[in-house]
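**Student:**
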């Protein structure tokens with residue numbers, strides 16, 4: 001679906017909400033995936049950033065992950081921590097169609113542009129970068145995008 005099949009970790013058991021003491025990061029908010037087939041909500045999960053899929057393009061039934069769970073609301077970006085350069089966040093991304101997780105980095109190149117790079121073996125050179133745009137549209141029932 002996304003990213004040849006989007007990457008990362010299984011949903012953590014952390015609260016998906018900005019906690020007090022964590023100022024908003026520019027990466028927080030609603031983001032439209034590069035293929036325009038999914039919208040992600042990125043926010044604080046404790047001291048890290050995480051993101052869940054909240055909007056999708058589909059015709060009949062909402063897509064399910066490899067385990068048969070609805071992809072709607074699935075936490076697909078997990079454990080993102082600021083890197084030493086303070087410009088990137090490093091974490092994991094889940095490919096819901098295969099169940100595989102990958103290392104990932106996110107950063108903003110401008111207020112409305114988010115870059116996401118997923119990679120294997122912990123080596124950023126062995127990966128692909130997507131450009132996501134800030135989403136200002138609506139999302140219908142069951143995560144359906146208009």
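In UniProt numbering, the protein residues as written are 1 to 146. Just so it is clear, CB atoms sit at the ideal spot from N, CA and C, and this is done for glycine as well. Computed from a prediction, not measured in an experiment: that's the story for all the values here.
#1: Quick one: is the Cβ of residue 73 within less than 7 Å of any heavy atom of the ligand SAH?
#2: Going by DSSP, what residue range makes up the beta strand (DSSP E) through residue 57?
#3: Count the other CB atoms, across all protein chains shown, that sit within 10 Å of the CB of residue 38; report buried if there are 16 or more and exposed otherwise.
#4: Please list, in chain order, all residues of the same chain as residue 142 whose beta carbon is under 7 Å from its beta carbon, the five residues on each side excluded.
#5: Starting from residue 131, trace the beta strand (DSSP E) in both directions and tell me its first and last residue.
#6: Can we say the segment 75 to 92 touches the segment 44 to 58, given the rule of at least three CB pairs closer than 8 Å?
#7: Please report the straight-line C-alpha distance between residue 140 and residue 86, rounded to a whole angstrom.
#8: Any idea if residue 92 is buried or exposed, counting beta-carbon neighbours within 10 angstroms, 16 or more meaning buried?
#9: Using 10 angstroms around the beta-carbon of residue 137, count the other beta-carbons present and answer buried if the total reaches 16, otherwise exposed.
#10: Cutting at 7 Å between CB atoms, please list the residues of its own chain near residue 32, excluding the five before and the five after it.
#11: Quick one: what's got a C-beta closer than 7 Å to residue 126's C-beta in the same chain, skipping five residues either side?
#12: Among 89, 52, 122 and 66, which residue has its Cα nearest to the Cα of residue 109?
**Tutor:** Working from what's here:
#1: For the ligand SAH, the structure offers nothing, since it holds no ligand at all.
#2: No beta strand (DSSP E) holds residue 57; DSSP gives it neither H nor E.
#3: Within a 10 Å sphere around the beta-carbon of residue 38 sit 16 or more other beta-carbons, which makes this residue buried.
#4: Within its own chain, the residues whose Cβ lies closer than 7 Å to the Cβ of residue 142, once the five positions on either side in sequence are excluded, are 62 and 72, listed in chain order.
#5: Segment 127 to 134, the beta strand (DSSP E) holding residue 131.
#6: Contact between the segment 75 to 92 and the segment 44 to 58 is established, with three or more Cβ pairs separated by less than 8 Å.
#7: Their Cα atoms are separated by approximately 36 Å.
#8: Using a 10 angstroms sphere on the CB of residue 92, the tally of other CB atoms reaches 16 or more, which defines it as buried.
#9: Result: exposed.
#10: Taken in chain order, the residues that qualify are 39, 132, 133 and 135.
#11: Result list for residue 126: 119 and 120, in chain order.
#12: Closest option to residue 109, Cα to Cα, is 89.
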